[in-house]
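Quick note: the sequence shown, position 298, residue 962 per the numbering used here, numbers continuous.
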Amino acid sequence: MDLQELRIFATVVQEGGITKAAKRLNRVQSNVTTRVRQLEDRLQTELFHRRGKRLILTPAGQTLLEYAERLLALASEAEAAVQHDTPRGVFRLGAMESTAAVRLPEPLSVYAKKHPDVVLELKTGNPTQLSKALMAGEIDAALVAEPVAEARFDWIVAFDEEPVIVTGQDHPPISDSGDLPRTVIVFEHGCPHRRRLEEWYAERRDLPQRTVELGSYHAMLGCVLAGMGAALVPRSVISSFPEAHRLRIHRLPKHQQRLRTLLIWQKGACPPKVAALRRILQGGDRPNTDQDPANGPSHK
């Protein structure tokens, strides 16, 4: 698909008509009209409804606009990457909700100060969603819990997390012989902490009687505090919860006490924007002062 045609099409949409688009593009109106018509002929579909001098996007036109904006942005990024080693442009980063809330504020603050020409955009989701978004080119890198598809991605270890079970203070100690939580509060399927909790139950040949799905860790901890059930969360998340002192923490067996968060990106392609974040996470571009209030020094 011709990028110049897409640029003309996108400009017509942005300017609201042929006349203003032609002026912005420094072209005659007939040329802009012809290029739009040629694009419609090539795609064999109308991109605009014509209402006199007004142009209104058709559903097909709206779909093409979304792709055109992505392709033009990618072309601009490719030019910048070839011409400069300095990070610049839009950096679309994906992260799990817990990582975005607790782990990312400090390194992203460092990143923003060191690379002011980069515009950071953050997308949250579970590892499955973020991996698919990365493969589709919707994001540039992602922070996800292991495991990852090593054939598709390059990666580094960004953070070590300790998943723990949290209950209200009056819940008895959790043991293999009994006293397992009967209600669990979890994220949707695809969440690595939910998967770890399900593995923990499976090892005990047991299942919770009730599962409640929520969309944020603080909401989950609030429900735990209210006595609605138990949850499995990264220990680092608990440190950011105002009522943490009213929670009871139960550690998992030793072989389940570690869950690494990885920074992943497309195999064989690490653009300057991603490389800059990689250096920060590995400690190369910031002082080694990171401290996890709940867990002591974090391991990078």
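Every residue gets a Cβ at the ideal spot worked out from N, C-alpha and C, and that includes glycine. Treat the numbers as computed from the prediction; the structure is a model and nothing was measured.
Tell me which residues share the same chain as R756 and place their Cβ nearer than 6 angstroms to its Cβ, disregarding the 5 neighbours each side in the sequence.
Residue numbering aside, residue 756 sits at position 92 when the sequence shown is read from its first letter. Residues E785, I803 and D804 of the same chain have their beta carbon placed closer than 6 angstroms to that of R756, with the five preceding and five following residues left out of the count.
What would DSSP say about A905, mapped onto helix, strand or coil?
As a working note, residue 905 is residue 241 in the sequence shown. Per the sequence shown, the amino acid found at residue 905 is Phe instead of Ala. Residue state for F905 is assigned as coil, using DSSP reduced to three classes.
Enumerated in chain order, which unbroken segments of the alpha helix (DSSP H) with a length of 4 residues or greater are wholly contained in the region 684-748?
693-707 and 723-747
In the DSSP assignment, what residue or residues form a beta bridge with W929?
The residue given as residue 929 occupies position 265 in the sequence shown. Paired residues: D818.
By the three-class DSSP mapping on this structure, what secondary structure does E785 have?
To locate residue 785, count along the sequence shown from 1; it is residue 121. It is a strand residue.
Let me check understanding here. Comparing Cα to Cα, which of P780, G886, Q668 and E907 lies closest to V848?
Taking the first residue of the sequence shown as 1, we reach residue 848 at position 184. It is G886 whose Cα lies nearest to the Cα of V848.
Where P769 falls, given that 16 or more other Cβ within 10 Å makes a residue buried
Within the sequence shown, the letter at position 105 stands for residue 769. The residue is exposed, with fewer than 16 neighbouring Cβ atoms inside 10 Å.
For the beta strand (DSSP E) that A622 lies in, which residues bound it at each end?
Because residue 622 is not part of the residues shown, which for the chain are 665 to 964, the question remains open.
Do you know offhand how far R699's Cα is from I672's?
Walking along the sequence shown from the start, residue 699 turns up at place 35. Walking along the sequence shown from the start, residue 672 turns up at place 8. As the crow flies, the alpha-carbon of R699 is around 8 angstroms from that of I672.
Please name the residue, chosen from W929, E704 and L871, that lies closest to L844 on a Cα-to-Cα basis.
As a working note, residue 844 is residue 180 in the sequence shown. Closest by alpha carbon: L871.
As a quick exercise: from V812, Q930, I829 and H857, pick the residue whose alpha carbon is nearest that of R915.
Here residue 915 is taken as the residue at index 251 of the sequence shown, counted from 1. Taking only the C-alpha atoms, the option nearest R915 is I829.
Pick out whichever of L736, A806, A940 and K796 has its Cα sitting closest to the Cα of E761.
Here residue 761 corresponds to residue number 97 of the sequence shown, with the count starting at 1. Selected option, being the one with the closest Cα: A806.
Buried/exposed call for N790, threshold 16 Cβ in 10 Å
To locate residue 790, count along the sequence shown from 1; it is residue 126. Label assigned to N790: buried.
Is there contact here, the region 813-820 with the region 851-870, by at least three beta-carbon pairs under 8 angstroms?
no
DSSP puts V828 in a beta bridge; with which residues?
Here residue 828 corresponds to residue number 164 of the sequence shown, with the count starting at 1. DSSP lists V897 and R915 as partners of V828.
Figure out for me which residue from V754, S903, R874 and I928 has the closest Cα to the Cα of R767.
Along the sequence shown, read from residue 1 onward, the residue named residue 767 stands at position 103. Closest option to R767, Cα to Cα, is S903.
Given this structure, state the Cα-to-Cα distance separating Y865 from W929, to the nearest angstrom.
Along the sequence shown, one-based indexing puts residue 865 at 201. Along the sequence shown, one-based indexing puts residue 929 at 265. If you take the alpha carbons of Y865 and W929, they lie about 33 angstroms apart.
Among all the DSSP beta bridges, which residues are the ones paired with R924?
Here residue 924 corresponds to residue number 260 of the sequence shown, with the count starting at 1. Beta-bridge pairing links R924 to D824.
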